[in-house]
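A quick write-up on the structure given underneath.
Protein chains: 2
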Amino acid sequence: MDKRIYNFNAGPAALPLPVLEEIKDELLNFNHSGMSILEVSHRSKWFDDVINEAVYRTKRLLDINDDFHVIFIQGGASMQFCMTPMNLVPDKQIVDFINTGVWSTKAIKEANIQGKNVHVIASSEDEGFSYIPDNFQVDNDAAYLHFTSNNTIKGTQWHRFPEAGGVPLVSDMSSDIMRKPFDVPPFGLIYAGAQKNIGPAGVAMVIIRKDMLERVPENLPTMLKYTTFTEKNSMANTPPCFAVYTINLVLKWLDEKIGGLQEMNRINREKAEILYDLIDSSDFYRGTARRDSRSMMNVTFRLPSEELETMFVKEAMDAGFGGLKGHRSVGGCRASIYNATDLDAVKALAEFMGDFEKNRG
Amino acid sequence: MDKRIYNFNAGPAALPLPVLEEIKDELLNFNHSGMSILEVSHRSKWFDDVINEAVYRTKRLLDINDDFHVIFIQGGASMQFCMTPMNLVPDKQIVDFINTGVWSTKAIKEANIQGKNVHVIASSEDEGFSYIPDNFQVDNDAAYLHFTSNNTIKGTQWHRFPEAGGVPLVSDMSSDIMRKPFDVPPFGLIYAGAQKNIGPAGVAMVIIRKDMLERVPENLPTMLKYTTFTEKNSMANTPPCFAVYTINLVLKWLDEKIGGLQEMNRINREKAEILYDLIDSSDFYRGTARRDSRSMMNVTFRLPSEELETMFVKEAMDAGFGGLKGHRSVGGCRASIYNATDLDAVKALAEFMGDFEKNRG
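If you read the protein sequences in the order shown, they are chains A and B.
Under my numbering, the letters of the first sequence match residues 49 to 409, in that order.
Under my numbering, the letters of the second sequence match residues 49 to 409, in that order.
Right, dumping it as structure tokens:
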């Protein structure tokens, strides 16, 4: 392809074009430093400004106060599956999980590996993880309640976050952080691999409530302690500078070009409605998630046969629509429409889907 | 600065200009994918080719065979300080360390945190880590012998690696991997944060001999096990794609533009000699490392007073030479001359240093 495609990848995923253009423009000389952002010391004023701005914009966009730290940790959400119970679950205390698919299952597995007292209080495995459970009882004495806010593989999403009384919420928001405003104070910790909605692969954003830090055991390896990151503004060792820099540009775009999370939410709803309306008004396409649990980020659907699905993905690619194949574990089709995938891309896809149905349906 | 400076940063550090230009050129459309490398799926043919090429080039440049895995892990060398003993030291077995400064000390600390049976068989702490110890006895039954091949802060470097009989060597080569050819088979594991000699911050290259994998305990957290990375070509979860991509470009530059590690070594020696010759022929500049232990990568030196050092760093910056301030823990001056800092930059610095001495000496 000599021109850019419409990118519906599940992650790593589309980035806003203005962000890519800014990176490109200043790649040889960042902010008059005479160096690329890839060459600038993390101990310099230049990088200090970058990371401080990323923290500031995160707090501003999510409307969070100084009760929280915003830190950046390498290893993706997968590293957080392990760090969260290691840091925040005292050995005998119970920890609650809600299982909504592959990512929740991995988080549960890592808590079990550490011998934590895991209690899965609800699961949608009985119907192939096609819905978000709404009937569960949180243990009053749980260290926290963990859930995955959006499930990229099955295309489900929490539209109202669980209520847990005084028990802190912990959530993997890798695939939908910054998609809309929400009430942060009930969360003890939020983590998000950047490569879906806020940046490139290679870093997780972690938002941690300060009272959680009292639980961090003294004797953990340095790089596995949240306090190592909160005490040094994520720079106890060299941070993933370029990934943090790109996140900051994405947040700036969200703030200044989009106009904040209310507006982002309005656009995201409009995008999702276009695709779900098309699916619902068709006998050819079939949504795979229960309607009340449908994701605004990952629209999963099937065609009448696997043969047609293969044909659909191939013809779409030829027409300039990438990333429409479903996750290798479930097959089918999936259009991931994160923040950076714009309305025009979604409208063009809907038109293509309409045409494909006419020709092949 | 509107033009690029001569970059003597200790890390993140200079990258080869042709590499930066290639990144810039294809930033909006990588290899005809219609996407930025920042947007390409790690499960795609495009990224597969990138990571496979990076592994292939590493093996080719270092002349290593299939007895070794080359993997990429997030968290920098600091994460390897913790992972190496966790994976490779059975609980009661002794593990040997040679302490040559801050980085070795951190590696030792992490093994101690895990309650490992640590034996520091030599240290140069008695003379402020200004030399490389040459008198030590490796324990025959040690799990491995760990050493730091180059010490960025004090400017010392191993010119002949320690001999340990059948005991596997483990080395932190963050600041000098790929500076010259060396004999890899005695090493059980080599790790290197990329941001000094081979790429940007945000990834460590790990070279592990296959027999070491038999030691990896079953019950470790998934993201802390070397086998998680060796079994899935570093892609059990989303890897730091952009950092791996940049490493591959640096290795291609080393291979195709420089002509391999023999030639790189010749250039590196020439660069270091220019600066050390200037220092040795001057009463104004004074090298801080013992002559036989001097680093080819980090030339550390003092001026007659701290006032002159401050003036030197400032005037150098104004003249377009960046990164010459010594590490905040030791003061003084330091010129880091990794692979990507070319001969012209070093010659220009030597000229500046000569002039400064004339004017201020």
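The C-beta atom is built at its ideal place from N, Cα and C for all residues, glycine as well.
Please look up how many angstroms separate the CB atoms of residue i and residue j, rounded, as I've assumed it's under 8 Å.
i                 : j                 : result
Leu109 of chain B : Asp303 of chain B : 6 Å
Pro243 of chain B : Ala61 of chain B  : Looking at the sequence itself, residue 243 of chain B is Gln, so the reference to Pro does not match. Indeed, because the Cβ distance is near 7 Å, the residues count as touching under 8 Å.
Thr204 of chain A : Ser343 of chain A : 6 Å
Met49 of chain B  : Gly368 of chain B : 7 Å
Leu76 of chain B  : Thr294 of chain A : In fact, because the Cβ distance is near 14 Å, the residues do not count as touching under 8 Å.
Asp224 of chain A : Tyr239 of chain A : Actually they do not touch by this definition, with Cβ atoms about 12 Å apart.
Met260 of chain B : Pro216 of chain B : 7 Å
Gly82 of chain B  : Gly307 of chain A : Incorrect: roughly 28 Å between the Cβ atoms, too far for contact.
Arg227 of chain A : Met312 of chain A : 6 Å
Tell me which residues share the same chain as residue i and place their Cβ nearer than 8 Å to its Cβ, disregarding the 5 neighbours each side in the sequence.
i                 : result
His167 of chain A : Ile142, Val143, Asp144, Phe145, Asp187 and Ala190
Leu356 of chain A : Arg408
Lys154 of chain A : Ser126 and Phe129
Ile327 of chain B : Tyr333, Arg334, Gly335, Val347 and Phe349
Ala398 of chain B : Ile322, Leu323 and Leu326
Between the C-alpha atoms of residue i and residue j, what's the straight-line distance to the nearest angstrom?
i                 : j                 : result
Val251 of chain A : Glu405 of chain B : 45 Å
Val137 of chain A : Val292 of chain A : 28 Å
His117 of chain A : Phe235 of chain A : 12 Å
Phe95 of chain A  : Phe290 of chain A : 10 Å
Leu297 of chain B : Gly59 of chain B  : 18 Å
Asn387 of chain B : Thr278 of chain B : 28 Å
Val394 of chain B : Asn316 of chain B : 10 Å
Pro229 of chain A : Gln310 of chain A : 6 Å
Asp403 of chain A : Asp331 of chain A : 14 Å
Gly123 of chain B : Ser84 of chain B  : 24 Å
Ile322 of chain A : Phe78 of chain A  : 40 Å
Met253 of chain A : Lys373 of chain B : 31 Å
Met359 of chain B : Val88 of chain A  : 22 Å
Val232 of chain B : Ser197 of chain B : 13 Å
Phe56 of chain A  : Asn57 of chain B  : 39 Å
Asn135 of chain A : Lys258 of chain A : 13 Å
Glu70 of chain A  : Thr276 of chain B : 36 Å
Tyr104 of chain B : Glu74 of chain B  : 22 Å
Lys107 of chain B : Leu237 of chain B : 14 Å
Phe400 of chain B : Leu391 of chain A : 55 Å
Asn113 of chain A : Pro64 of chain A  : 27 Å
Met365 of chain A : Phe177 of chain B : 59 Å
Met345 of chain A : Ile256 of chain B : 39 Å
Ser152 of chain B : Asp182 of chain B : 16 Å
Can you list, in chain order, the residues of its chain whose CB lies under 7 Å from that of residue i, leaving out five sequence neighbours each side?
i                 : result
Ile201 of chain B : Gly149, Val150, His375, Ser377 and Val378
Thr286 of chain B : His90
Ser282 of chain A : Ile99, Ile119 and Phe120
Pro133 of chain B : Val143, Glu158, Ala159, Gln162 and Lys164
Considering just the uninterrupted stretch of the alpha helix (DSSP H) at residue i, what are its terminal residues?
i                 : result
Leu297 of chain B : Cys289 to Lys300
Met359 of chain B : Glu354 to Asp366
Val394 of chain A : Leu391 to Arg408
Thr106 of chain B : Lys93 to Leu110
Phe129 of chain B : Gly124 to Leu136
Which residues bound the beta strand (DSSP E) around residue i?
i                 : result
Arg350 of chain B : Asn346 to Arg350
Ala159 of chain B : Element bounds for Ala159 of chain B: not the beta strand (DSSP E) but the alpha helix (DSSP H), Val150 to Ile161.
Tyr239 of chain B : Phe235 to Gly241
Ile256 of chain B : Ala252 to Arg257
Asn147 of chain B : Ile142 to Asn147
Asp220 of chain A : Leu217 to Asp220
Ala170 of chain A : Asn165 to Ser171
Leu323 of chain A : Looking at the DSSP string, Leu323 of chain A is not in any beta strand (DSSP E); the run it does join, the alpha helix (DSSP H), is Leu309 to Asp328.
Thr270 of chain B : Unbroken run through Thr270 of chain B: none, as it is neither H nor E.
Leu193 of chain A : Leu193 to Thr196
Pro282 of chain A : The residue asked about is misnamed: residue 282 of chain A is Ser in this sequence, not Pro. That residue, Ser282 of chain A, is in no beta strand (DSSP E); it is neither H nor E in DSSP.
Ile71 of chain A  : Where Ile71 of chain A is concerned, there is no enclosing beta strand (DSSP E), although the alpha helix (DSSP H) it sits in stretches over Leu65 to Asp73.
Val118 of chain A : Phe116 to Ile121
Lys382 of chain B : Looking at the sequence shown, residue 382 of chain B is not Lys but Arg. Cys381 to Ser384 is the span of the beta strand (DSSP E), which, as asked, contains Arg382 of chain B.
Cβ of residue i versus every heavy atom of the ligand GDP: is any distance shorter than 7 Å?
i                 : result
Gly335 of chain B : The ligand GDP is not part of this structure, which contains no ligands at all.
Can you name, in chain order, every residue of its own chain whose Cβ lies under 6 Å from the Cβ of residue i, other than the five neighbours on each side?
i                 : result
Ala212 of chain B : Val186 and Leu193
Lys273 of chain B : Val264
Asn199 of chain A : Thr148 and Gly149
Ala102 of chain B : Val292, Ile295 and Asn296
Ile53 of chain A  : Gly368 and Gly370
Leu299 of chain B : Arg105
Closer than 8 Å is the cut-off here; do at least three beta carbon pairs connect the segment 163-178 of chain A with the segment 328-345 of chain A?
Between the segment 163-178 of chain A and the segment 328-345 of chain A, the count of C-beta pairs closer than 8 Å reaches three or more; the two stretches touch.
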